[in-house]
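Per mature numbering (1 follows the signal peptide of the UniProt record, and there is no 0), the sequence shown runs over residues -37 to -1, 1 to 892. For glycine and all other residues, C-beta sits at the position ideal for the given N, C-alpha and C.
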Amino acid sequence: MTLILCIHSVLCCAADSGTMRTVVALLLLCLCDPGRSDCQTDCLTCSKILPKQLSFNTVVCLIECKSKSLVFVTLVFNQLQRRDLADWPCAAVCGAPGPWPLRCSPGCCSLRWGQARVVICGGGIVGTSVAYHLAKLGWTDVVLLEQGRLGAGTTRLCAGILSMAKPISIESQMANYSSSLYQQLEEETGIKTGYVKTGSLCLAQNQDRFISLKRLATRLKVLGISCNIIKPKEIAKLHPLVNIHDLVGALHLPDDAVVSSPDVNHALAVAAAQQGVQILERTAIQQVVVEKGHVIAVETDRGSVECEYFVNCAGQWAYELGQASEVKVSIPLHGCEHFYLLTKPLQEPLPPNTPAIIDMDGRMYARPWQGGLLSGGFEKNPKPIFTEGRNQLEIQNMQEDWDHFEPMLSALLRRMPNLESAEIHQLVNCPESFTPDMRCLMGETPGVSGYYVLAGMNSSGLAFAGGAGKYLAEWMTYGYPTANVWPLEIKRFGSLQSSRTFLRHRVMEVMPLLYELKVPRWDFQTGRQLRTSPLYDRLDTQGARWMEKHGFERPKYFVPPGKDMLSLDQSKTFYKPDWFDIVGAEVKCCKEAVCVIDMSSFTKFELTSTGEQALEFLQYLCANDLDVPVGHIVHTGMLNERGGYENDCSVVRLSKNSFFIISPTDQQVHCWSWIKKHMPSDPHLHLEDVSWKYTALNLIGPRAMDVLAELSYVSMTPEHFPSMFCKEMSVGYANGIRVMSMTHTGEPGFMLYIPIEYALHVYNEVMSVGQKYGIRNAGYYALRSLRIEKFFAFWGQDLDTFTTPLECGREFRVKFDKDTNFLGREALLQQRQEGVFRRFVMLVLEDHDTELDLWPWWGEPVYRSGQLAGTTTSSAYSYTLQRHVCLGFVSPPPSPEGLPTPITPDFINRGDYEKRRKEDMDLGNLHGK
């Protein structure tokens, strides 16, 4: 048997000897039979590894082996000039150019064991991308720790498809950047990344899938990503193996690619090391040390490292690492087994530039691989793993399960019948981590300052790693990324999503959903009834159909008696939905009589102080003036340094030193974190989350005042209860009800914030007294229609951290002349001086058949005079106008010099928002407001 020595890692030390130096290198070697199938050889001559001054002729092979015998060989190089040490061996280990990043022992070279500015956990493609981008932004004191070997986790077994066809824009942007980065890495490092531009074909077996692909194509084109819709005959020309008999069409992305994930990881690590990043393998992190809410150190099995920042890129183990620390950090993800098949080269080898196939209706994908094919998929019955917290240093190919893979194999053979005679090389079973909403986790954790996370890639780690690493590095450097990453921010979740049982059940739904057809307004089915209003059972028996927001059950609409509830629940369409008339009746009742909407899910905080500290703090944090009389309500934004919305809220002054803050449901963690981040350390200032203490009922309609007047024996007319005012009142037998004259819709009515023990009583009384006034229940679909036709923007849909009040017509809510210099003021003053380059607008569809045409939902492009002008952010049917209304942003084309152009009223009002081809999902005959 032929045995080959392969370098596994390097431990080095040095001894000075005047101007000369003796270097002793201990090479940890393994003995491996190259004939074994579990060994992969990539031979390099030592001249590529060692300095040219050294004569050493042995051929060295780098081999990965499942089983190996270890020996130590000592090589002593004498008479080596000090200047040569920049190349070998210590500098190669600790950051200078070299063929691969290697492990360095404590105290070796320039490594200052025990101290770093940033510690990154995870040597997969995500962790090395963060290290690479931090180094590119000038961070010099960065250490990356890997408990096993670099890239030995999911990265090693990645299928290698890099597609930009992602469901949300920020994900497509990240994939687009990753594609460009992986191409340039070869030139930057000299390391082949296996990048081949193959293009991809997303197939449609039915019209609904075809519509979803068309919608996706319009969004990709807005981002400048090349794509086109093609017919079945064109599919056959691009991929000779594809059976097209049952296909309607496809989305072709010519710039998609296949890449070798381990090689990209290698190149990123080498490039990072060249920039000074120190990489240590075989170093396990035991916990992150937190003091006074800040990261101060990381404890490893080789000692403690003091640091200012910690980045959890631990992939499968990110959840466990978050839970292992003294201050627990919630990182909601869970592993599932993921299968793909490798074939041997086909009789007619498949060219390497053959397009990748994504057949979501068949739940399978395929790409060329070494003359054969790699094919996997996302089955309906996934297999969760590691629920019990099992940990292992490196991910190995797990047990084959042909019975489980059979549906995907059958789908592959239906799509490519000529593969019947193909020889199978291997069935790969590797773990992938998934999150509760199919989006990755990114950003600083809400409870610990300096603790960042980038994990939960939902089987798209290769596509996202480059862009996500860039955005996270920007976040750590500038305090914010250069794009809106709210859909991915970890603060969209809280500790309530960290239950192992919840995660296990949810990922069993999430993994199949990656390829499921998702029509507008679809809902998760698992992990439900986690947070409910005290009225849940009462509303459920009255026909409430539910949706979930941040774990909270909220009514969508109420099915009248006699309606087929099952058919409504199963209704899925891009056209006019089956609930259209139901919601229309609820809207009509809101305008003509009175409706009740349970809005208990709203985020609710109380800020109190012994002196004026609460007012002074809110004056700094909010753009509007909060120094108002007791009982007044103020709509305001909490802005960041750029003038963008971190929170859009309503603030009630309950007393001189007490304030009630109301925010959107999904802002609970984000808003709390933002307030606490800026809140002074003052024992006399107290913030409390009281979301669970109050049930919120929204009484909307002209007869709302009659209902409340009868229940409270107090006049509720505008003369006695002006708009945007709050009183604590009795309603029925219940005391201490906070009644506010606002409805979040622009319609007359009142919000009732009821202590939860009184909720059922107050609701029953309201419904009983309201019968004579035509009262009925309503849901959030009616609320959405009402607020959109009134041109009300909503945070998370229309507003984000890059949207300023000047861009969305809310300058009247900014008080530049108040005594306090509020956060974001300077940015807004500068924007007011330079001009606003985009504007939030209302668009009404005039040439649109509600019965027959596709409905706009959100994300559609808006064209003005033949040019792309913007995109929609929200849309709804206005039952008042009897037309569709869309909200969104438009901006004028740049100047001839490529600079942004300030937007003017003429641009908005005199533009020809013309009709485009409806099959392209563009909006037609829009009139701007």
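Among the options, the one whose alpha carbon lies nearest that of residue i
{"i": "Ala247", "options": "His96, Arg112 and Thr445", "result": "Arg112"}
{"i": "Gly85", "options": "Asp209, Arg245 and Pro217", "result": "Arg245"}
{"i": "Ile348", "options": "Asn392, Leu372 and Gln333", "result": "Asn392"}
{"i": "Met705", "options": "Ile663, Met730 and Ala741", "result": "Ile663"}
{"i": "Phe397", "options": "Asp364, Phe465, Leu376 and Tyr441", "result": "Phe465"}
{"i": "Gln249", "options": "His257, Ala260, Asp264 and Thr658", "result": "Asp264"}
{"i": "residue 924", "options": "Pro646, Phe515, Ala548 and Ser412", "result": "Given that the chain is displayed from residue -37 to residue 892, the structure contains no residue 924 and the question cannot be resolved."}
{"i": "Ser837", "options": "Met805, Ser828, Leu862 and Ser858", "result": "Met805"}
{"i": "His257", "options": "Glu407, Ala220 and Gly490", "result": "Glu407"}
{"i": "Ser223", "options": "Leu850, Gly157 and Ile866", "result": "Gly157"}
{"i": "Arg494", "options": "Ser458, Pro483 and Glu479", "result": "Ser458"}
{"i": "Ile719", "options": "Thr658, Arg795 and Leu309", "result": "Thr658"}
{"i": "Val482", "options": "Thr767, Arg172 and Gly712", "result": "Arg172"}
{"i": "residue 907", "options": "Leu769, Val105, Lys619 and Asp588", "result": "Since the first and last residues shown for the chain are -37 and 892, residue 907 lies out of range."}
{"i": "Leu382", "options": "Asn206, Leu404 and Gln237", "result": "Asn206"}
Straight-line Cα distance separating residue j from residue i
{"i": "Ser267", "j": "Ala79", "result": "11 Å"}
{"i": "Ser613", "j": "Ala235", "result": "46 Å"}
{"i": "Ser293", "j": "Lys343", "result": "27 Å"}
{"i": "Asp500", "j": "Ser288", "result": "39 Å"}
{"i": "Gln16", "j": "Ile242", "result": "Any answer about Gln16 is weak, because its pLDDT of 33 lies below 50 and its placement is not dependable; what the coordinates show is given next. Spanning the two alpha carbons is a distance of roughly 26 Å."}
{"i": "His468", "j": "Phe456", "result": "17 Å"}
{"i": "Ser175", "j": "Leu749", "result": "27 Å"}
{"i": "Phe852", "j": "Gly574", "result": "42 Å"}
{"i": "Asp623", "j": "Met679", "result": "The question names Asp, yet the displayed sequence has Phe at residue 623. One C-alpha to the other measures close to 22 Å."}
{"i": "Leu649", "j": "Thr440", "result": "For clarity, residue 649 is His in the given sequence; the question names Leu instead. Those two C-alpha atoms are separated by around 31 Å."}
{"i": "Thr37", "j": "Leu337", "result": "Confidence in Thr37 is poor, its pLDDT being 26 and thus under 50, which makes the residue's placement unreliable; the coordinate value appears in the next sentence. If you take the alpha carbons of Thr37 and Leu337, they lie about 42 Å apart."}
{"i": "Ala577", "j": "Phe785", "result": "14 Å"}
{"i": "Leu762", "j": "Ala697", "result": "37 Å"}
{"i": "Lys200", "j": "Ile320", "result": "13 Å"}
{"i": "Pro69", "j": "Gly77", "result": "With a pLDDT of 35 at Pro69, under the threshold of 50, the modelled position of this residue cannot be trusted; read the value that follows with caution. Pro69 and Gly77: Cα-Cα distance of roughly 9 Å."}
{"i": "Ser644", "j": "Glu774", "result": "31 Å"}
{"i": "Leu723", "j": "Glu271", "result": "49 Å"}
{"i": "Leu435", "j": "Leu417", "result": "8 Å"}
{"i": "Tyr583", "j": "His641", "result": "9 Å"}
{"i": "Ala428", "j": "Ser92", "result": "6 Å"}
{"i": "Gly759", "j": "Trp449", "result": "8 Å"}
{"i": "Val81", "j": "Gln286", "result": "20 Å"}
{"i": "Gly822", "j": "Ser841", "result": "18 Å"}
Residue i, buried or exposed, once every other Cβ within 10 Å from all chains shown has been counted against 16
{"i": "Trp655", "result": "exposed"}
{"i": "Pro409", "result": "buried"}
{"i": "Gly737", "result": "exposed"}
{"i": "Glu395", "result": "buried"}
{"i": "Trp485", "result": "exposed"}
{"i": "Gly709", "result": "exposed"}
{"i": "Gly891", "result": "With a pLDDT of 46 at Gly891, under the threshold of 50, the modelled position of this residue cannot be trusted, and the question is left open."}
{"i": "Asn727", "result": "exposed"}
{"i": "Ile700", "result": "buried"}
{"i": "Thr864", "result": "exposed"}
{"i": "Gln793", "result": "exposed"}
{"i": "Gly187", "result": "exposed"}
Residue i vs residue j beta-carbon contact at 8 Å
{"i": "Ala138", "j": "Leu148", "result": "no"}
{"i": "Tyr716", "j": "Val546", "result": "no"}
{"i": "Met361", "j": "Glu283", "result": "no"}
{"i": "Gly87", "j": "Cys276", "result": "yes"}
{"i": "Pro518", "j": "Ala507", "result": "yes"}
{"i": "Ala115", "j": "Leu214", "result": "no"}
{"i": "Ile751", "j": "Arg801", "result": "no"}
{"i": "Gly339", "j": "Ala374", "result": "no"}
{"i": "Lys155", "j": "Asp219", "result": "no"}
{"i": "Lys99", "j": "Gln238", "result": "yes"}
Supposed contact pair residue j and residue i - C-beta distance, whole angstroms, cut 8 Å
{"i": "Asp322", "j": "Leu166", "result": "5 Å"}
{"i": "Tyr414", "j": "Phe273", "result": "5 Å"}
{"i": "Leu304", "j": "Leu390", "result": "6 Å"}
{"i": "His388", "j": "Thr306", "result": "6 Å"}
is_contact[residue i, chain D] using C-beta, thresh 8 Å
{"i": "Cys849", "result": "The chain labelled as chain D is not found in the depicted structure, where only one protein chain is given."}
The ligand COA heavy atom lying under 7 Å from the CB of residue i
{"i": "Leu660", "result": "Only the bare structure without any ligand can be found here, which leaves the ligand COA out of the picture."}
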